[in-house]
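Peer 1: Residue numbers (our numbering): -13 to 412.
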């Protein structure tokens, strides 16, 4: 007879070998110390020990300048400067996230509640006032006529194939890992509404990538090499693509995205506008009078379209489902009622940096529930046909906007220990 786990007192307890060490590694850029708009910042990780994936983080000083009017760093300030994040191994790109600041902002607001955002407000660069008002949990206001006003920020490296890995990464068995951060333009980083103007400068200094490295010793490293010529680590990553939506668009429209992936776990439809918080000003482009739906070949997801006229609240239930769960400890979002209803008809003057639009329509594409997402390639495949977003515009759009489709996809890191190469199957 076998006992339930909590009653089995004979179950062996894992132990560490002698001499194991754990070190917080801090890596500086390979060249340069001060970085500004449109520049690339590069970091090389070490080749020793094991990388603890979710320990990957960034920290730096963000120095902002403003003109005669106030300025604002839009969205989630610690991530806002970065338009792209590439991961390279031995010089080959294995992971590239377009509009990284936009993706990170979406992940944060669909996986963290308001109380958790308040707890990291200082580190992530929000300027929550001293009275504890929890309304100011997006963006950071820069007073007028500032010259390189400085604040220290830091946060986790969310969304990458490395940081999402389900096993620790054996750095000693692979080639050089390099992280490349591409800094966005000042205009894209800024909130503007006609009164608040764009930043006049932003400089990043004292930039570091940090991670926990565990050295298990030579005996354990030999065990890894003896496991076989190829080792496999399950992970998941993010793919982000965008199309233009013209002013005056109406009726039924299908927007095709050529994102070819073997297993998409969840998809997030994120329309956004060129004003206000720009790429992180997620708005309803149907103006509360239309529907959204995905198609892959002849299959529709969800089966019934997401209806902004008749069942607006249900859209955010599906977003919670896509992000993890519709109820319980894995169900947290930071999307207020006021943020959810911002649409194409809202004037630029009515937008608020501390309350950007968060119309995010999530769709679960996994064949299994969140507790079984460790199953290999359990999502929807777009290898043989593209994925499309069907939008029914009951009311014509007033402005030209963008439509982003962010895909959370399964992947496998394949480590060839003989060649010291790391590749990705996705």
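We put the CB at the ideal spot given by N, CA and C, even for glycine.
Being a predicted model, the structure only gives us computed values, none of them experimental.
On the three-pair Cβ rule with 8 angstroms, is the region 372 to 390 touching the region 249 to 258?
Peer 2: yes
Peer 1: Give the list of continuous alpha helix (DSSP H) stretches no shorter than 4 residues that lie fully inside the region 308 to 346.
Peer 2: Taking only runs of at least 4 residues, the alpha helix (DSSP H) segments lying wholly in the region 308 to 346 are 323 to 326.
Peer 1: Per DSSP, what are the beta-bridge partners of residue 216 in this structure?
Peer 2: Paired residues: 402.
Peer 1: So the beta strand (DSSP E) residue 140 belongs to, where does it begin and stop?
Peer 2: Taken as a continuous stretch (DSSP letters only), the beta strand (DSSP E) holding residue 140 covers 135 to 142.
Peer 1: For residue 350, which option in 4, 301, 133 and 340 has the closest C-alpha, if you only look at C-alpha atoms?
Peer 2: 301
Peer 1: Pick helix, strand or coil for residue 365, following the three-state DSSP scheme.
Peer 2: coil
Peer 1: Taking all protein chains shown into account, do 16 or more other C-beta atoms lie within 10 angstroms of the C-beta of residue 342, making it buried, or fewer, making it exposed?
Peer 2: buried
Peer 1: Might you give, ordered along the chain, the residues of its own chain that have their beta carbon closer than 7 angstroms to the beta carbon of residue 233, omitting 5 neighbours on each side?
Peer 2: 383, 384, 385 and 386
Peer 1: Hey, quick one: how far does the alpha helix (DSSP H) through residue 418 stretch, first residue to last?
Peer 2: For residue 418 there is no data in the structure shown, the boundaries of the chain being -13 and 412.
Peer 1: Return the chain-ordered ranges of every beta strand (DSSP E) run that is complete within the region 185 to 247 and spans a minimum of 3 residues.
Peer 2: 187 to 201, 216 to 231 and 237 to 243
Peer 1: Does the beta-carbon distance from residue 247 to residue 374 come in below 8 angstroms?
Peer 2: no
Peer 1: Okay, do the region 130 to 143 and the region 353 to 372 touch, 3+ Cβ pairs below 8 angstroms being the bar?
Peer 2: no
Peer 1: Going by the beta-carbon positions, is the gap between residue 148 and residue 36 smaller than 8 angstroms?
Peer 2: no
Peer 1: Whole-angstrom Cβ separation of residue 339 and residue 182, contact assumed at under 8 angstroms?
Peer 2: 7 angstroms
Peer 1: Take the Cβ of residue 124 as the centre, count every other Cβ of all protein chains shown within 10 Å, and call the residue buried at 16 or more, exposed below.
Peer 2: buried
Peer 1: Tell me where the alpha helix (DSSP H) around residue 105 begins and ends.
Peer 2: If you look at residue 105, you'll find it in the alpha helix (DSSP H) that goes 100 to 105.
Peer 1: Helix, strand or coil for residue 37 per DSSP?
Peer 2: strand
Peer 1: Nearest-angstrom Cα distance between residue 19 and residue 30?
Peer 2: If you take the alpha carbons of residue 19 and residue 30, they lie about 15 angstroms apart.
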